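>
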Amino acid sequence: MPTDISKIISDAAYQAYERRLLHQVKQAPVPHHVAIIMDGNRRFAREIGLGNVLDGHVKGRDKLEEVLEWCLEVGVRILTVFAFSTENIRRANEEVQHLMHLFAENFRRVGDDERVHRHKIRVSVFGNRELLPPEVIEAIEYAEGRTEQYDQYRFNVAVAYGGREEILRAIRDVVLDAQAGKVDPDDVDEKFFSKRLYTADLPDPDLVLRTSGEERISNFLLWQLAYSELYFVDVYWPGFRKIDFLRALRSYQMRQRRYGE
Ligand code: IPE
Ligand code: MG
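Its first residue numbered -17, the sequence shown is counted upward by one per residue in the numbering used here.
(1) With a threshold of 8 Å, are at least 3 pairs of Cβ atoms found where one atom belongs to the region 74 to 90 and the other to the region 193 to 201?
(2) Answer with buried or exposed for residue 169, where buried requires no fewer than 16 other C-beta atoms within 10 angstroms of its C-beta.
(3) For a test of the three-state rule: what should DSSP assign to residue 14, helix, strand or coil?
(4) Quick one: residues in its chain with C-beta nearer than 6 Å to the C-beta of residue 59, no 5 flanking neighbours on either side, listed in chain order?
(5) For residue 136, which beta-bridge partners are listed by DSSP?
(6) Is it true that the CB of residue 47 sits closer than 8 Å to the CB of residue 224?
(7) At a threshold of 7 Å, does residue 81 count as lining the ligand IPE (C-beta to nearest heavy atom)?
(8) Please name the residue or residues paired with residue 215 in a DSSP beta bridge.
(9) Pairing CB atoms from the region 153 to 173 with CB atoms from the region 219 to 236, are three or more of them under 8 Å?
(10) Are residue 108 and residue 132 touching if we call contact CB-CB under 8 Å?
(11) Considering only DSSP beta bridges, list what residue 190 is partnered with.
(12) By the DSSP assignment, the alpha helix (DSSP H) with residue 165 in it spans what residues?
(13) Determine contact between the region 209 to 216 and the region 184 to 198, defined as no fewer than three beta-carbon pairs at a distance below 8 Å.
(14) I need the residues with a C-beta less than 7 Å from some heavy atom of the ligand IPE; please give them in chain order.
(15) Decide if residue 99 is buried, meaning its Cβ has at least 16 other Cβ atoms within 10 Å, or exposed.
(16) Using the Cα positions of residue 105 and residue 34, report the straight-line distance between them to the nearest angstrom.
(17) Rank 176, 41 and 18 by C-alpha distance to the C-alpha of residue 26 and give the top, closest one.
(18) What ranges does the beta strand (DSSP E) occupy inside the region 60 to 101, keeping only unbroken runs of at least 3 residues that lie completely in it?
(19) Candidates -9, 81, 103 and 101: which alpha carbon is nearest residue 23's?
(20) Taking C-alpha atoms, which residue in 110, 85, 103 and 140 lies nearest to residue 117?
(21) Determine whether the beta carbon atoms of residue 63 and residue 8 lie at a separation below 8 Å.
(22) Look at residue 167 and residue 17 and say whether their C-beta atoms are less than 8 Å apart.
(23) Going by beta-carbon coordinates alone, are residue 184 and residue 145 separated by less than 8 Å?
(24) Between which two residues does the alpha helix (DSSP H) holding residue 299 run?
(25) Do residue 66 and residue 125 have their C-beta atoms within less than 8 Å of each other?
(26) Under the three-state reduction of DSSP, which class applies to residue 7: helix, strand or coil?
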């Protein structure tokens, strides 16, 4: 059938393009730390006509697994994703419950994933755990506990996370230490403050990527992305393709090269 033939041709062209991009990207250093604002799950579900819009989140979860594989393939050592913001908690109860159920399931899955252990990926979760139900906290602790000794790759998931809240928490911490006489105002420089954030032992992201065409940071890693390259792509998160990922890396590499000149 003609449609099958055109599909075969377009698939072949896509794969050839993907291979070429992969080859190009491997010629130069890739960003060490990539952060992603995964956006557009529900719009994706509506666009492809899924009966339940919330199934978009399941597709989003599957995409994240793929993206982790791509990071391993090209050598991105640290991946940090924004999975659920403090604002997202205000969504309809049914959706929040659906997401919490997915998180509980997914963190258990991550903790058991053979690839995580084979590649020695350390999993960490940033955010205000007080806002999460016990089964999610337990699953997070399971994934973190099973991977805490690993040091080859880092996979960080921001859940119930807000950048301003993170900064405020750190400030409260510093004030308490100052009141206890443990901190002098002169000690408080960028390095000192960075150590008080969830990302204390991580370098800042080199590249921050957001899907779905929205060009906002939406309270993600406000302190940490001061100098990061930003890359926005129109596709919805579950529709994010390997070529989109590779293009983002290539764009980062091209910008780095320009600064170097
Ligand atoms: C991103 O997709 C996932 C979460 C924020 C939990 P959305 O749920 O924001 O989907 P859209 O942006 O409404 O399409
Ligand atoms: Mg959204």
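Even glycine gets a Cβ: it sits at the ideal position worked out from N, Cα and C. As the structure is a computational prediction, the values presented were derived from the model and not from experiment.
Short version:
(1) no
(2) Against the sequence shown, residue 169 aligns to sequence position 187. Classification of residue 169: exposed, given that the 10 Å Cβ count is below 16.
(3) Counted from its first residue, the sequence shown places residue 14 at position 32. DSSP places residue 14 in coil when its eight states are reduced to three.
(4) Within the sequence shown, residue 59 is the residue found at index 77, counting from 1. Here the set comprises 14 and 135.
(5) By one-based count along the sequence shown, residue 136 stands at place 154. Paired residues: 60 and 104.
(6) Within the sequence shown, numbered from 1, the residue matching residue 224 stands at position 242. Within the sequence shown, numbered from 1, the residue matching residue 47 stands at position 65. No, these two residues do not count as a Cβ contact at 8 Å.
(7) Position 99 of the sequence shown holds residue 81. Yes, the Cβ of residue 81 comes within 7 Å of a heavy atom of the ligand IPE.
(8) The residue labelled residue 215 in the question sits at position 233 within the sequence shown. Beta-bridge pairing links residue 215 to no other residue.
(9) no
(10) As a working note, residue 108 is residue 126 in the sequence shown. As a working note, residue 132 is residue 150 in the sequence shown. Against a cut-off of 8 Å, the Cβ pair of residue 132 and residue 108 comes out as no contact.
(11) Numbered from 1 along the sequence shown, position 208 holds the residue referred to as residue 190. Paired residues: 17 and 212.
(12) Taking the sequence shown and counting its residues from 1, one reaches residue 165 at position 183. Note, residue 165: premise wrong, no alpha helix (DSSP H); not H, not E.
(13) yes
(14) 20, 21, 22, 23, 24, 25, 26, 38, 39, 42, 65, 66, 67, 70, 81, 194, 218 and 219
(15) Walking along the sequence shown from the start, residue 99 turns up at place 117. Exposed, by the Cβ-count rule.
(16) Counting from one through the sequence shown, the residue named residue 105 turns up at place 123. Counting from one through the sequence shown, the residue named residue 34 turns up at place 52. Roughly 30 Å between the two C-alpha positions.
(17) Residue numbering aside, residue 26 sits at position 44 when the sequence shown is read from its first letter. The candidate whose alpha carbon is nearest that of residue 26 is 41.
(18) 60 to 67
(19) Position 41 of the sequence shown holds residue 23. Nearest C-alpha to residue 23: 81.
(20) Translated into the one-based positions of the sequence shown, residue 117 becomes position 135. When only C-alpha atoms are compared, the closest one is 85.
(21) Residue numbering aside, residue 63 sits at position 81 when the sequence shown is read from its first letter. Residue numbering aside, residue 8 sits at position 26 when the sequence shown is read from its first letter. In this structure, residue 8 does not lie closer than 8 Å to residue 63 by Cβ.
(22) For this step, residue 167 is matched to residue 185 along the sequence shown. For this step, residue 17 is matched to residue 35 along the sequence shown. No, the Cβ-Cβ distance between residue 167 and residue 17 is not below 8 Å.
(23) The count along the sequence shown starts at 1 and reaches residue 184 at position 202. The count along the sequence shown starts at 1 and reaches residue 145 at position 163. It is not a contact, given that the beta carbons lie outside the stated cut-off.
(24) In the structure displayed, the chain extends from -17 to 243; residue 299 sits before or after that span and is not available.
(25) Within the sequence shown, numbered from 1, the residue matching residue 66 stands at position 84. Within the sequence shown, numbered from 1, the residue matching residue 125 stands at position 143. Result no, Cβ atoms of residue 66 and residue 125 do not sit closer than 8 Å.
(26) Residue mapping note: residue 7 aligns to position 25 of the sequence shown, counting from 1. It is helical.
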